[in-house]
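Below is one structure; the comments refer to it alone.
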Amino acid sequence: MSDHTQNQENYWKANVRLIFGCLIVWALVSYGFGILLRPMLAGIEVGGTDLGFWFAQQGSIISFIVLVFFYAWRMNALDKQFGLEE
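Quick note, the sequence shown lines up with residues 1 to 86 if you use full-length UniProt numbering.
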């Protein structure tokens, strides 16, 4: 296998690994904390409401925005690492 093909394959694997990592965090925060773990988080107060409700309403949106910026930052670093920067 040529060096170029190996480089492309490694880049794609790193990209997919990053995407899956972001999706897992997003699912954990929005679905896990907001729905499944809500009864367990009900006793913790944040901003006048319980933590489970907070994750379902604001936490999942905030974590999604943070994940978008994290993904862009990591993709820029990945592009530089593999010599694909703009």
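In this text, a Cβ means the ideal position worked out from N, Cα and C, and glycines have one as well. Just so we're clear, the structure is a prediction, and the values are computed from it rather than from any experiment.
In this structure, A56 and G34 form a Cβ contact; the two beta carbons are roughly 3 angstroms apart against a cut-off of 8 angstroms. As DSSP reads the structure, E45 sits in a beta bridge with D50. F64: member of the alpha helix (DSSP H) spanning S60 to Q81, first to last residue. Non-local beta-carbon contacts of E86 in its own chain, meaning distances under 8 angstroms to residues more than five positions away in sequence, involve D79 in chain order. For L18, the closest C-alpha among the options R74, G52 and D3 is that of R74.
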